[in-house]
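By the working numbering, the letter at position 13 of the sequence shown is numbered 77, and the numbering carries on one by one without gaps. From the three backbone atoms N, C-alpha and C, an ideal C-beta is built for every residue, glycine too. Just so it is clear, the structure is predicted and the values come from calculations on it, not from any experiment. Notes to accompany the following structure.
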Amino acid sequence: MTESCSIAGLTVPRSRFPDPERDLPAAGNEARVVLAGGCFWCVEAVFIAINGVTRVVSGYAGGRPETANYEAVCTGATGHAEAVEVHYNPSEVSFGALLKVFFSVAHDPTQLNRQGNDRGTQYRSAIFFETDEQKQVAEAYIRQLEAAGVYPDPVVTTLEPLHAFYPAEEYHQNFAARNPHQPYIMAVAAPKMEKLIDNYADRLKPEYTNDDPDLA
Numbered sequence: 065m066t067e068s069c070s071i072a073g074l075t076v077p078r079s080r081f082p083d084p085e086r087d088l089p090a091a092g093n094e095a096r097v098v099l100a101g102g103c104f105w106c107v108e109a110v111f112i113a114i115n116g117v118t119r120v121v122s123g124y125a126g127g128r129p130e131t132a133n134y135e136a137v138c139t140g141a142t143g144h145a146e147a148v149e150v151h152y153n154p155s156e157v158s159f160g161a162l163l164k165v166f167f168s169v170a171h172d173p174t175q176l177n178r179q180g181n182d183r184g185t186q187y188r189s190a191i192f193f194e195t196d197e198q199k200q201v202a203e204a205y206i207r208q209l210e211a212a213g214v215y216p217d218p219v220v221t222t223l224e225p226l227h228a229f230y231p232a233e234e235y236h237q238n239f240a241a242r243n244p245h246q247p248y249i250m251a252v253a254a255p256k257m258e259k260l261i262d263n264y265a266d267r268l269k270p271e272y273t274n275d276d277p278d279l280a
């Protein structure tokens, strides 16, 4: 394993990412969390590789149903964020463990309303919580990261109630795996996957730990 994680050009020592002190109980065999961290193609590619994650859907959260489509969301005026709905088995991977990957690999939570060159509120960093317990665990982990001084800048991730999640158009689903040589995927998703494999090989599905892993 490497000793650091590079997030959108920001290199942070891996040892500075603590495990969450607070987490949800490992109850049941199906749960979900909706996360936004820039382009959903790339965030989806990260989470589908994690052992215990059963399904990841790219879509939109934070806006109204009539504007939950790619053309409208790309204007940045709908209130939506590009988001992923992560379905997982809590007995295999915890909510807190997914948050750790979200903050350390999937995106840079210190960038306000953007990720890299992707700019607009649709690319904001957000956790869309369904329960008070999800909100409390996420709040506690953000406080823990900031107390540890993990980032040189403040975390700007918003915690927003999930009113609805709208799956994106079919051509967006599993996009990275279906288009591994697309220039954007090679430039943005592939480096995230390299960091994921370097730092969390013990948390990944076996097919993602070989020398030439699929992206999703």
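Given a cut-off of 7 Å, decide if F229 and E149 are closer than it, judged by their beta-carbon atoms. Here residue 149 refers to the residue found at position 85 of the sequence shown. Here residue 229 refers to the residue found at position 165 of the sequence shown. It is a contact, given that the beta carbons lie within the stated cut-off.
Between which two residues does the alpha helix (DSSP H) harbouring G160 extend? In the sequence shown, counting from the first residue as 1, residue 160 sits at position 96. Looking at the DSSP string, the run of the alpha helix (DSSP H) that includes G160 is 159-165.
Can you give me the Cβ contacts of G116 inside the same chain, cut-off strictly under 6 Å, excluding the 5 residues immediately before and after it? Stepping through the sequence shown from its first residue, residue 116 is reached at position 52. Contacts found: Y152, N153, E156, V157.
Give a yes or no on whether the C-beta atoms belonging to T195 and G140 are separated by under 7 Å. Working through the sequence shown from its first residue, we reach residue 195 at position 131. Working through the sequence shown from its first residue, we reach residue 140 at position 76. Result no, Cβ atoms of T195 and G140 do not sit closer than 7 Å.
Which partner residues of S122 appear in the DSSP bridge assignment? The count along the sequence shown starts at 1 and reaches residue 122 at position 58. DSSP lists V148 as partners of S122.
CA-to-CA distance, A170 to Y187, given in whole angstroms: In the sequence shown, counting from the first residue as 1, residue 187 sits at position 123. In the sequence shown, counting from the first residue as 1, residue 170 sits at position 106. Rounded to the nearest angstrom, the two C-alpha atoms are 13 Å apart.
Among the candidates F81, K199, R242, whose CA atom is the shortest distance from the CA of E108? One-based indexing of the sequence shown puts residue 108 at position 44. The option with the nearest alpha carbon to E108 is R242.
Buried versus exposed call for N181 [16 or more other C-beta atoms within 10 Å across all chains shown]: Start at 1 with the first residue of the sequence shown, and residue 181 comes out as number 117. Flag for N181 reads exposed.
Any chance the segment 247-255 sits against the segment 89-97, with 3 or more Cβ pairs inside 8 Å? no
I need the boundaries of the beta strand (DSSP E) containing P225, first residue and last residue. What you label residue 225 is simply residue 161 of the sequence shown in a count that begins at 1. Run containing P225: 222-225, per the beta strand (DSSP E) assignment.
With a CB to CB cut of under 6 Å and the five nearest residues on each side skipped, what residues in its chain are close to Y272? Along the sequence shown, one-based indexing puts residue 272 at 208. Once the five neighbours on either side are set aside, the close Cβ partners of Y272 are A113.
Which residues does DSSP list as the beta-bridge partners of V98? As a working note, residue 98 is residue 34 in the sequence shown. E149, F192.
Own chain partners of V137 with C-beta closer than 6 Å, once the 5 adjacent residues on each side are dropped: Counted from its first residue, the sequence shown places residue 137 at position 73. The residues are Y124, H144, Q186.
Euclidean distance between Cα positions of P244 and N238: Counting from 1 along the sequence shown, the entry for residue 244 is found at position 180. Counting from 1 along the sequence shown, the entry for residue 238 is found at position 174. Distance between the alpha carbons of P244 and N238 is about 10 Å.
Along the chain, which unbroken stretches of the alpha helix (DSSP H) at least 4 residues long are found entirely within the segment 197-253? 239-242
Could you spell out where the alpha helix (DSSP H) holding Y134 opens and where it closes? To locate residue 134, count along the sequence shown from 1; it is residue 70. Element bounds for Y134: 134-137.
Status (buried if at least 16 other CB within 10 Å, exposed otherwise) for R183: Position 119 of the sequence shown, counted from the first residue, corresponds to residue 183. R183 is exposed by the Cβ-count criterion.
What's the gap between the Cα of E224 and the Cα of S189? Reading the sequence shown from its first residue, position 160 is the one you call residue 224. Reading the sequence shown from its first residue, position 125 is the one you call residue 189. Cα to Cα, E224 sits roughly 10 Å from S189.
With a CB to CB cut of under 7 Å and the five nearest residues on each side skipped, what residues in its chain are close to T118? In the sequence shown, residue 118 corresponds to position 54, counting from 1. Closer than 7 Å at Cβ, skipping near neighbours: H151, Y152, N153.
Out of P270, K269, M257, which has the shortest C-alpha to C-alpha gap to W105? Along the sequence shown, one-based indexing puts residue 105 at 41. Among P270, K269, M257, the Cα nearest to that of W105 is on M257.
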